[in-house]
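Just so you know, we're using full-length UniProt numbering here: the sequence shown kicks off at 1 and counts up by one.
Just below is one structure, and these are the notes that go with it.
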Amino acid sequence: MSTAIRASSILPGRREDIELHTADGLRLVGELALPADRPPVATLVCLHPLPTHGGMMDSHVFRKAAWRLPALADLAVLRFNTRGTSSVRGTSEGAFDGAVGERYDVAAAIEYAEFAELPNIWLVGWSFGTDLALKYGCDPAIAGAILLSPPLRFSAPDDLATWANSGRPLVALVPEFDDYLRPTEARERFAAVPQAEVVGVPGAKHLWVGDAETVLDEIVRRVNPAVEVPLPTTWDGPMEAGDVSAYADRTVAAFADTPVPGPAATKAD
1 MSTAIRASSI LPGRREDIEL HTADGLRLVG ELALPADRPP VATLVCLHPL PTHGGMMDSH
61 VFRKAAWRLP ALADLAVLRF NTRGTSSVRG TSEGAFDGAV GERYDVAAAI EYAEFAELPN
121 IWLVGWSFGT DLALKYGCDP AIAGAILLSP PLRFSAPDDL ATWANSGRPL VALVPEFDDY
181 LRPTEARERF AAVPQAEVVG VPGAKHLWVG DAETVLDEIV RRVNPAVEVP LPTTWDGPME
241 AGDVSAYADR TVAAFADTPV PGPAATKAD
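Right, dumping it as structure tokens:
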């Protein structure tokens, strides 16, 4: 019997806690989710929103990706907490470093995916995570990057130039009502990367509340185009229910309207 896929639904998969080890000596906590009974076709390495304002490996879009996409789209999903970030999985060592020391975190995640022989590795950054992808993710092991709500705050024109020169795919999903960068301006800024695709998402906001399914469809469309989208909204087979109550007082909206220290004087993500 078909069962509706809800926010707390966990579809079948192989999930294991992992640790990443950075070149500057930190231990980061994470999780790798794989299809239950077959190899993955491609891999998502998730870079979460700003940790000082609620971002973590369990931020809702990434949690849903890990719980659904191994079963629905044959994808591996690697999530982790950057330095100093906490979630139910635990707290990564170190402290938030304003997109500086985090370069080692990104490198450690890519290295783990390589050593695990995960295929077709894509970075998926969200908000602050998009700046990490732009600054540090243009690595020979990376097939491309998908940016969710990119504020272009910590990244610089040189970072866009690096991606432009690489020729690697770069997809920016930009909410119509984003707080920091909306589709028209995003197309102007990303024009520096000829191969960049900017997708404006009607009605969406920076935090993608109510639009996670649209995001997952767009990710799958690029990373495993053999899978038909939109993805199913029901599941025939075993399904577990995850406990999301741990974040009842720490939702993704926690960092929506609070100023954030950083290199620019503008409102941060």
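Think of the CB as a built atom: it goes at the ideal place given N, C-alpha and C, for glycine as much as any other residue.
Bear in mind that the values here come from a model prediction, so they are computed numbers and not experimental data.
- Between A73 and D37, the alpha-carbon positions lie close to 13 angstroms from each other.
- Looking at the DSSP output, E197 bridges to V171.
- Of the candidates E117, I110, F115, I110 places its Cα closest to the Cα of V124.
- Take L181, set aside five residues on each side of it, and the residues of its chain with a beta-carbon closer than 8 angstroms to its own are S149, P150, P151, L152, V174, R189, in chain order.
- Secondary structure at R153: coil, using DSSP grouped into helix, strand and coil.
- Of all alpha-carbon atoms in L75, L118, A23, the one lying nearest the alpha-carbon of G101 is that of A23.
- Taking the CA atoms as reference points, V29 sits about 12 angstroms from G94.
- The C-alpha of D236 is placed about 42 angstroms away from the C-alpha of E185.
- Here V215 has V61, L148, L173, W208 as same chain residues with Cβ atoms under 7 angstroms from its own Cβ, once five neighbours each way along the sequence are excluded.
- Cβ neighbours of P225 within its own chain (closer than 8 angstroms, five residues either side excluded): none.
- Secondary structure of I219 (DSSP, three-state): helix.
- Per DSSP, the unbroken beta strand (DSSP E) holding V29 starts and ends at 27-34.
- For W122, there is no enclosing alpha helix (DSSP H); the enclosing beta strand (DSSP E) covers residues 121-126.
- It is roughly 18 angstroms from the alpha-carbon of K135 to the alpha-carbon of E197.
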